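*Asks:*
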Ligand code: AMP
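Residue numbers (our numbering): 74 to 359.
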C-alpha cells in the first residue's frame, strides 16, 4: 500500500494505470475510519482495479465555531484499516499541499444549499465542493464513492460532476448503522453514555415518518407539516435539540407541498446532543 502526502506522487503513480485503462476508485474521507467508510472502500474494491482512499480533514468546510480542532484524528489506525481492506494507495495531504495559496475562487451554489445542512452551515458545501473537486482533479478516478448519510453532499457532488463535465462515476453507498439504528459517524465518539442512548431516536423518528409517508396520501401541506411537527415534538421530548427535520424533493432538495408518485423524496434530520451534531436521512421512493 502506497501512503503519500504528495500530489505529484499520486499523479505519477496513477498515470500508468490510466494508460492501461484500469478502473481507479476514489473514496474521499476525513479519517477516523469506521464501518461506514469500510463499506465505501469495499464497494470500490469490488468494482475497481486500484483503490485510493484520501484522508484529509478539510479546513475549508468547517465554520468558525465548528469542531475542526477537535475533529478525531487516528492516522495509524486508519492506515491499518485501509491495509486490511486491500486499499492500494492512501493520500494524506497536509493543508499546505491542498491549499498552497490563498484561494480566490468560490463555488456559487444555488437553491441546493438553501435547506437541510446548507441552511445551518453557511459555506460548508462550498468547502466540500472545493476539496472534492481538487481530489477528483488530482486522482482523476473513473469511480468515486460517497455515503448516503451525507445525502446533500452526495447530491451536490453529483450535480457538480454533471455540470462541470467531470469524467467520473459518482456512486452512492447505503448508510451503515449500529444495531440500534444510529448511523455510524466519526462524531459518535463525542457522545456521553446518556446521549448515546437517546441518539437513535433520530433514526426512529425518520423511520416513523417514512412509514406514514408510505401509508398516507397527504391532502395538503398542513397535514404533512403536522406530521413533521409531531415528530419534532417527540424528538424534543427525548432530549434531542432539533436543527432541522424536513421532507425534500431528492433532486431539487426543496421542501415539498405534497407528494406525487414516481418522485423520490428525502426525509432528513439533524439534531444536537450537547455540542455534537448528528445527521441522518431516509430516501422515500414513491
Ligand atoms: P467523512 O469522513 O465523515 O467525511 O465521510 C467520508 C465518506 O464516508 C462520506 O462519503 C460519507 O458520506 C461516508 N460515510 C460516513 N458515515 C457513513 C455511514 N455511516 N455509512 C455510509 N457511509 C458513510
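For each residue, glycine too, the CB sits at the ideal point set by N, CA and C.
Please read these numbers as outputs of a predicted model, since none were measured by experiment.
Does DSSP put residue 107 in a helix, a strand or coil?
*Replies:* Coil.
*Asks:* Please state whether DSSP places residue 161 in a helix, a strand or coil.
*Replies:* Coil.
*Asks:* Among residues of its own chain, excluding the 5 on either side of residue 105, which ones have a beta-carbon nearer than 6 Å to its beta-carbon?
*Replies:* Within the same chain, residue 105 has close Cβ partners 145, 147, 259.
*Asks:* If you measure between the beta carbons of residue 139 and residue 79, is that distance less than 9 Å?
*Replies:* No, these two residues do not count as a Cβ contact at 9 Å.
*Asks:* Classify residue 134: buried if its beta carbon has 16 or more other beta carbons within 10 angstroms, exposed otherwise.
*Replies:* Burial call: buried.
*Asks:* Residue 197: buried (16+ other C-beta within 10 angstroms of its C-beta) or exposed?
*Replies:* Looking at its Cβ environment, which holds 16 or more other Cβ atoms inside 10 Å, residue 197 is buried.
*Asks:* What are the residues that DSSP puts in a beta bridge with residue 102?
*Replies:* For residue 102, which the question treats as bridged, DSSP gives the partners 128.
*Asks:* Under DSSP, the alpha helix (DSSP H) around residue 227 begins and ends at which residues?
*Replies:* Note, residue 227: alpha helix (DSSP H), 224 to 236.
*Asks:* Any chance the CB of residue 351 is under 8 Å from a heavy atom of the ligand AMP?
*Replies:* Result no, Cβ not under 8 Å from the ligand AMP.
*Asks:* Taking its Cβ as the centre, do 16 or more other Cβ atoms sit within 10 Å of residue 306, making it buried, or is it exposed?
*Replies:* Residue 306 is exposed by the Cβ-count criterion.
*Asks:* Take residue 245 and list the residues in its own chain whose beta-carbon comes closer than 7 Å to its own, dropping the five residues that flank it on each side.
*Replies:* Closer than 7 Å at Cβ, skipping near neighbours: 219, 221, 227.
*Asks:* Which residue's Cα is closest to the Cα of residue 294: 319, 312, 279?
*Replies:* The option with the nearest alpha carbon to residue 294 is 319.
*Asks:* In whole angstroms, give me the CA-to-CA distance for residue 324 and residue 82.
*Replies:* Whole-angstrom Cα-Cα distance: 37 Å.
*Asks:* Going by the DSSP bridge assignment, what does residue 218 pair with across the sheet?
*Replies:* 244.
*Asks:* Can you find the residues in the same chain that come closer than 7 Å, C-beta to C-beta, to residue 113, ignoring five residues on each side of it along the sequence?
*Replies:* Same-chain partners within the cutoff: 100, 218, 220, 246.
*Asks:* Quick one: does the C-beta of residue 263 sit closer than 8 Å to a heavy atom of the ligand AMP?
*Replies:* No, since every heavy atom of the ligand AMP falls outside the 8 Å radius drawn around the Cβ of residue 263.
*Asks:* Measuring alpha carbon to alpha carbon, tell me which of 91, 342, 327 ends up nearest residue 185.
*Replies:* Nearest C-alpha to residue 185: 327.
*Asks:* Near residue 292, which residues of its chain fall below 7 Å by C-beta distance, leaving aside the five closest residues on each side in sequence?
*Replies:* Taken in chain order, the list of residues that qualify is empty.
*Asks:* Among 234, 309, 263, which has the Cα closest to the Cα of residue 278?
*Replies:* Here the closest residue by C-alpha is 309.
*Asks:* Along the chain, where does the alpha helix (DSSP H) containing residue 276 start, and where does it finish?
*Replies:* Note, residue 276: alpha helix (DSSP H), 274 to 288.
*Asks:* Distance check for residue 271 and residue 253, CA to CA, integer angstroms please.
*Replies:* Each residue's alpha carbon lies about 10 Å from the other.
*Asks:* Taking the alpha helix (DSSP H) that residue 95 falls in, what are its first and last residues?
*Replies:* Looking at the DSSP string, residue 95 is not in any alpha helix (DSSP H), and its letter there is neither H nor E.
*Asks:* Relative to the C-alpha of residue 317, which residue among 234, 235, 192 is closest?
*Replies:* Cα-wise, what sits closest to residue 317 is 192.
*Asks:* Closer than 8 Å is the cut-off here; do at least three beta carbon pairs connect the stretch 231 to 242 with the stretch 338 to 352?
*Replies:* Segments in contact, no.
*Asks:* For the ligand AMP, any of its heavy atoms closer than 8 Å to the Cβ of residue 143?
*Replies:* No, the beta carbon of residue 143 sits no closer than 8 Å to any heavy atom of the ligand AMP.
*Asks:* Would you call residue 128 buried or exposed, if buried means 16 or more other Cβ atoms sit within 10 Å of its Cβ?
*Replies:* Classification for residue 128: buried.
*Asks:* Anything with a beta carbon under 6 Å from a heavy atom of the ligand AMP counts; list them all in chain order.
*Replies:* Having a Cβ closer than 6 Å to some heavy atom of the ligand AMP are 102, 103, 109, 110, 112, 113, 219, 220, 222, 223, 246, 248, 249, 256, 257, 258, 259.
*Asks:* Cα-Cα, which of 204, 249, 290, 215 is closest to residue 120?
*Replies:* Comparing Cα-Cα distances from residue 120 to each of 204, 249, 290, 215, the minimum goes to 215.
*Asks:* Report the option in 189, 88, 240 whose CA atom is closest to the CA atom of residue 224.
*Replies:* Ranking the options by Cα distance to residue 224, first place goes to 189.
*Asks:* Cβ of residue 69 within 9 Å of Cβ of residue 164?
*Replies:* No answer is possible for residue 69: it lies beyond the span of the chain, which begins at 74 and ends at 359.
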